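K.L.:
Numbering (this note's numbering), first residue to last: 124 to 509.
1. Leaving out five residues before and five after residue 295 in sequence, what residues of the same chain have Cβ atoms less than 6 Å from its Cβ?
2. Since residue 265 and residue 306 are thought to touch, with beta carbons under 8 Å apart, how far apart are those beta carbons, to the nearest angstrom?
3. Give the straight-line distance between the Cα atoms of residue 359 and residue 489, rounded to the nearest whole angstrom.
4. Near residue 451, what residues of its chain come up, given a Cβ to Cβ distance below 7 Å and the 5 sequence neighbours on each side ignored?
5. In the segment 280-331, which residue ranges form an unbroken alpha helix (DSSP H) of at least 4 residues, counting only runs that do not cross its ends?
6. Just to confirm, are residue 134 and residue 460 a CB contact at a threshold of 8 Å?
7. Determine whether the beta carbon atoms of residue 401 and residue 363 lie at a separation below 8 Å.
8. In angstroms with no decimal places, state the Cα-to-Cα distance between residue 255 and residue 212.
9. Which whole-angstrom value describes the C-beta separation of residue 140 and residue 441, a residue pair presumed to lie in contact below a C-beta threshold of 8 Å?
10. Is the distance from the Cβ of residue 318 to the Cβ of residue 289 below 8 Å?
11. Check for me: the alpha helix (DSSP H) holding residue 255 runs from which residue to which?
12. Excluding the five sequence neighbours on either side, which residues of its own chain have a C-beta within less than 8 Å of the C-beta of residue 263, listed in chain order?
13. Taking C-beta to C-beta, are residue 365 and residue 397 nearer than 8 Å?
14. Taking just the CA atoms, how far does residue 430 sit from residue 386?
15. Would the segment 165-173 count as touching the segment 214-226 if we require 3 or more Cβ pairs under 8 Å?
16. In this structure, how does DSSP classify residue 397 when only helix, strand and coil are distinguished?
17. Considering Cα atoms alone, identify which of 147, 176, 148, 185 is closest to residue 419.
18. Can you tell me the Cα-Cα spacing of residue 299 and residue 269, whole angstroms?
19. Just to confirm, are residue 335 and residue 352 a CB contact at a threshold of 8 Å?
20. Taking the alpha-carbon of residue 405 as reference, which of 340, 381, 356 has the nearest alpha-carbon?
21. Between 153, 176, 131, 130, which lies nearest to residue 138 when the distance is taken from Cα to Cα?
22. With DSSP run on the structure shown, which of helix, strand or coil describes residue 228?
Here's what the structure looks like:
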């Protein structure tokens with residue numbers, strides 16, 4: 124049995140990220156067994172003037188387009204990553220999984236050093252690339268929720284085709300579910316109603332997440348992608364991503380399920396932010412993703428600062444921090460620091476003396492960057508971040 128106590132100047136614990144000063148976290152066999160001020164073990168690790176909080180969750184990221192870096196702003200976005208004719212899909216249809224290992228390893232190391240512990244990762248052509256993505260993420264110490272995308276999809280769905288199911292689509296979805304993978308659907312507009320219902324039934328029967336882009340652009344909203352999603356895909360773990368075009372009234376129609384906003388990506392792609400305040404008022408507990416690695420550096424601290432700057436009138440700093448930590452945990456992803464949970468934390472260097480507990484949330488959202496991530500704690504392992 125490996126036991127130790129971890130000391131820090133302050134820790135954010137529980138689902139509410141309650142701040143505790145001069146905190147001691149007791150860990151036994153990788154699990155939090157106590158939270159307080161008195162060490163429960165003779166093996167004490169003092170992290171000094173640091174703030175201990177849960178590892179971050181990146182709730183929407185495309186990692187397989189890393190090789191397109193530098194092409195954005197030179198071509199129309201659909202020409203770069205649009206399905207099925209964009210450069211990303213053209214390349215991946217021809218690429219060998221092994222050829223991507225080196226690039227993925229670099230991406231995942233950077234992500235890990237930002238203090239991220241959990242990724243909800245879109246995997247295009249999932250049957251081909253899922254294993255290499257999962258393996259390289261694991262080597263970097265990341266927990267990955269694979270959201271695997273079938274190789275077949277439709278540019279347009281004709282009214283007479285709504286009850287058709289593509290055989291390859293059905294076969295691949297069954298394969299993903301049998302492997303315990305989540306399912307990624309590009310948009311509800313790219314599949315027939317029968318295909319959407321099939322994915323919902325098979326994924327929902329195993330409690331697997333089903334992720335889809337909803338109303339990211341004005342044209343998809345006008346084509347009623349939200350209605351198609353609400354009529355077919357609503358299971359307990361359905362994840363709606365982007366939602367930039369939705370009104371407060373639209374949010375009132377969405378049941379309580381995970382939703383994800385990608386602020387920097389949405390600004391770059393569509394010049395519009397989702398109404399995150401309306402999501403919170405609706406009780407949806409939104410999460411945060413960084414989207415395309417080729418365009419957006421997958422650094423959640425930058426997303427935190429954008430939300431603080433542009434949404435601070437509606438969102439408290441505590442709420443923003445929940446979006447990248449404990450709210451993900453509440454949906455079954457990510458981590459919190461509390462008794463009975465695996466210890467998955469990050470220690471942030473504090474360069475200022477006497478940090479007030481009343482200021483801690485604002486301090487993190489305004490001042491902390493990835494350069495302040497000093498240690499990553501995985502169970503009883505404390506890893507220094509260089």
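Glycine is no exception: its CB is placed at the ideal position from the N, C-alpha and C atoms.
Treat the numbers as computed from the prediction; the structure is a model and nothing was measured.
P.N.:
On the basis of the coordinates in this document:
1. 250, 273
2. No, residue 265 and residue 306 are not in contact; Cβ-Cβ is about 20 Å, not under 8 Å.
3. Whole-angstrom Cα-Cα distance: 34 Å.
4. Annotation for residue 451: 180, 182, 241, 410, 457 place their beta carbon closer than 7 Å to its own, counting only its chain and skipping 5 residues before and after.
5. 290-302, 316-328
6. A contact, by the Cβ cut-off of 8 Å.
7. no
8. Distance from the CA of residue 255 to the CA of residue 212, rounded to the nearest whole angstrom, comes to 17 Å.
9. 6 Å
10. yes
11. 249-262
12. 228, 231, 232, 234, 235
13. yes
14. 7 Å
15. no
16. coil
17. The candidate whose alpha carbon is nearest that of residue 419 is 185.
18. 10 Å
19. In this structure, the beta-carbon distance from residue 335 to residue 352 falls below 8 Å.
20. Answer by Cα proximity: 381.
21. 176
22. helix
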